[in-house]
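Residue numbers (our numbering): 2 to 234.
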Amino acid sequence: GGRCREDDPLGGEEPYSASKAAAEHVIAAYRHCYLTPADGIGLAAARAGNVVGGGDFSPHRLIPDLVRGILAGRVVDIRHPAFARPWQHVLDALHGYLLLAERLAREPARYGGSWNFGPPAERPSWPVARIATRFVEAFGSGAWRPSPRPPGVEVPRQHLCVDRARDELGWRCLLDTETTIAWTAAGYRHLAAGDGADWLFAQIERFTEGLHGAAVTAQTDARSGDVLHAGAA
Numbered sequence: 002g003g004r005c006r007e008d009d010p011l012g013g014e015e016p017y018s019a020s021k022a023a024a025e026h027v028i029a030a031y032r033h034c035y036l037t038p039a040d041g042i043g044l045a046a047a048r049a050g051n052v053v054g055g056g057d058f059s060p061h062r063l064i065p066d067l068v069r070g071i072l073a074g075r076v077v078d079i080r081h082p083a084f085a086r087p088w089q090h091v092l093d094a095l096h097g098y099l100l101l102a103e104r105l106a107r108e109p110a111r112y113g114g115s116w117n118f119g120p121p122a123e124r125p126s127w128p129v130a131r132i133a134t135r136f137v138e139a140f141g142s143g144a145w146r147p148s149p150r151p152p153g154v155e156v157p158r159q160h161l162c163v164d165r166a167r168d169e170l171g172w173r174c175l176l177d178t179e180t181t182i183a184w185t186a187a188g189y190r191h192l193a194a195g196d197g198a199d200w201l202f203a204q205i206e207r208f209t210e211g212l213h214g215a216a217v218t219a220q221t222d223a224r225s226g227d228v229l230h231a232g233a234a
């Protein structure tokens, strides 16, 4: 399907998307009823794609479910493996949120409303099966299989149009999908080994270097599988 823009009509034929639309309606109603230009308060709704990163253990999410299965030594049932999603690393989403917050503080009237943050239009959306397989490979162990009875109803393909964030905030998704999965797997490996948070600080540093022009890739060390620092292209 097409890419969802910020001004597209909101709806939802299943609980997850309906809940997202409901949240947007609440935010818009609050802005309309209780905030005026004289208040000098900006209110925005930030919509990210499917965010991944080391340390997320939320229930009913693809990579956290995989990690729990790997650590428990069991095969993980994956629902809707052919469905595609706009995958992005948590640092890319947070970078967008921080840029938006900064602009809201300076020009609340201009930067209010809804904003999409996700991978660019030219990037192919990986299906769930490819994400799961690549994560298992990057982590170094684990197995998955299609769920025999996937629960509920979900949209087969989801895409976000991020032109507004690109044009008005100067934001872009820095990490490609391969690097996103490599960094995520490295984070979970360090967590499983009890290595503390040094890996996270290193990823933040590499990401920041990338924002200033350094190339950030999914290069890995042959011995440890750890993502290397950003290097020259």
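Where is the CB? At the ideal position from N, CA and C, for every residue including glycine. Note that this is a predicted model, so its numbers are computed, not measured.
Item to check | Complete beta strand (DSSP E) runs within the stretch 51-118 (minimum length 3 residues, chain order) | outcome: Within the stretch 51-118, the complete beta strand (DSSP E) segments at least 3 residues long are 51-53, 77-79, 88-90, 114-118, listed from N- to C-terminus.
Item to check | Identified DSSP bridge partners for residue 161 | outcome: By DSSP's assignment, residue 161 forms a beta bridge with 5.
Next on the checklist: Tell me which residues share the same chain as residue 232 and place their Cβ nearer than 8 Å to its Cβ, disregarding the 5 neighbours each side in the sequence.
Outcome noted: Confidence in residue 232 is poor, its pLDDT being 35 and thus under 50, which makes the residue's placement too unreliable to answer from.
Item to check | DSSP-derived helix/strand/coil call for residue 216 | outcome: Collapsing the DSSP output to three states places residue 216 in a strand.
Next on the checklist: Give me, in chain order, the residues of the same chain whose beta-carbon lies closer than 6 Å to that of residue 46; leave out the 5 immediate sequence neighbours on both sides.
Outcome noted: The answer, listed in chain order, is 25, 28, 115.
Item to check | Close beta carbons around residue 91, own chain, < 8 Å, minus the five adjacent residues each side | outcome: Short of 8 Å from the beta carbon of residue 91, and not among the five residues preceding or following it, lie these beta carbons of its own chain, in chain order: 52, 53, 54, 57.
Checklist entry - Can you list, in chain order, the residues of its chain whose CB lies under 7 Å from that of residue 107, leaving out five sequence neighbours each side? => result So the list is empty, once near-sequence residues are dropped.
Checklist entry - Which value, in whole angstroms, describes the spacing of the CA atoms of residue 87 and residue 50? => result When rounded, the distance between both Cα atoms is 5 Å.
Next on the checklist: Could you compute how far the alpha carbon of residue 180 sits from the alpha carbon of residue 17?
Outcome noted: In a straight line, the C-alpha of residue 180 is about 28 Å away from that of residue 17.
Checklist entry - Secondary structure at residue 172, three-state DSSP: helix, strand or coil? => result Residue state, collapsed to three classes: coil.
Next on the checklist: By the DSSP assignment, the beta strand (DSSP E) with residue 48 in it spans what residues?
Outcome noted: Where residue 48 is concerned, the enclosing beta strand (DSSP E) stretches over 45-49.
Checklist entry - From which residue to which residue does the beta strand (DSSP E) around residue 150 run? => result First-last for residue 150: undefined, no H or E at that position.
Next on the checklist: My output table needs one value for residue 16: the three-state DSSP class, helix, strand or coil.
Outcome noted: Residue state, collapsed to three classes: helix.
Next on the checklist: Quick check on residue 38: does DSSP put it in helix, strand or coil?
Outcome noted: Residue 38 falls in the helix class under three-state DSSP.
Item to check | Contact between the stretch 134-149 and the stretch 61-75 (3+ Cβ pairs under 8 Å) | outcome: Flag = yes, the stretch 134-149 and the stretch 61-75 touch.
Item to check | Own chain partners of residue 163 with C-beta closer than 7 Å, once the 5 adjacent residues on each side are dropped | outcome: If we look at residue 163 and ignore the five residues flanking it on each side, its Cβ neighbours are 117, 118, 119, 121.
Checklist entry - What are the start and end residues of the alpha helix (DSSP H) that includes residue 192? => result In the DSSP assignment, residue 192 falls within the alpha helix (DSSP H) that extends over 178-193.
Next on the checklist: Below 8 Å, is the gap between the Cβ of residue 214 and the nearest heavy atom of the ligand SAH?
Outcome noted: For the ligand SAH, the structure offers nothing, since it holds no ligand at all.
Next on the checklist: For residue 1 and residue 155, which I take to be in contact (beta-carbon distance under 8 Å), what is that distance rounded to the nearest angstrom?
Outcome noted: Residue 1 is absent from the structure shown; the chain starts at 2 and stops at 234.
Item to check | Cβ-based neighbour list, residue 128, same chain, cut-off 7 Å, excluding 5 preceding and 5 following | outcome: Once the five neighbours on either side are set aside, the close Cβ partners of residue 128 are 82, 83, 84, 85.
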